[in-house]
Amino acid sequence: MAGKFEVYQDGSGEYRFRLKAGNGEIIATSEAYSSKNACLNGIESVKKNAPEAQTVEV
5 MAGKFEVYQD GSGEYRFRLK AGNGEIIATS EAYSSKNACL NGIESVKKNA PEAQTVEV
């Protein structure tokens, strides 16, 4: 089963997303967004940028 993004509203009414692996484990969570559209744009940004992202140690 492929991973999936879940969009939800938190307790303060802001939108967030989480990325779940195929086994249902949460592997990433987002910041809070004031609108659902902004949250969906955040998901698209992750999809676009993640394949080329480097891993760095800080």
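Heads up, the sequence shown is in my numbering, so the first residue is 5 and it goes up one at a time.
By construction, the Cβ of each residue, glycine as well, lies at the ideal position given by its N, Cα and C atoms.
Since residue i and residue j should fall inside the 8 Å C-beta cutoff, what is the C-beta to C-beta distance between them, to a whole number of angstroms?
i     : j     : result
Tyr12 : Lys40 : Rounded, the Cβ-Cβ distance is 10 Å, inconsistent with contact.
With distances taken Cα to Cα, identify the nearest neighbour of residue i among the options.
i     : options                : result
Phe9  : Gln58, Thr33 and Ser16 : Thr33
Tyr37 : Phe21, Ala57 and Gly7  : Phe21
Gly7  : Lys24, Gly46 and Ser16 : Lys24
Could you check the C-alpha separation between residue i and residue j for me, to the nearest Å?
i     : j     : result
Leu44 : Met5  : 22 Å
Lys51 : Gly26 : 16 Å
Gly15 : Pro55 : 31 Å
Gly17 : Glu48 : 21 Å
Ile31 : Ala42 : 21 Å
Val62 : Glu35 : 20 Å
Thr59 : Gly28 : 24 Å
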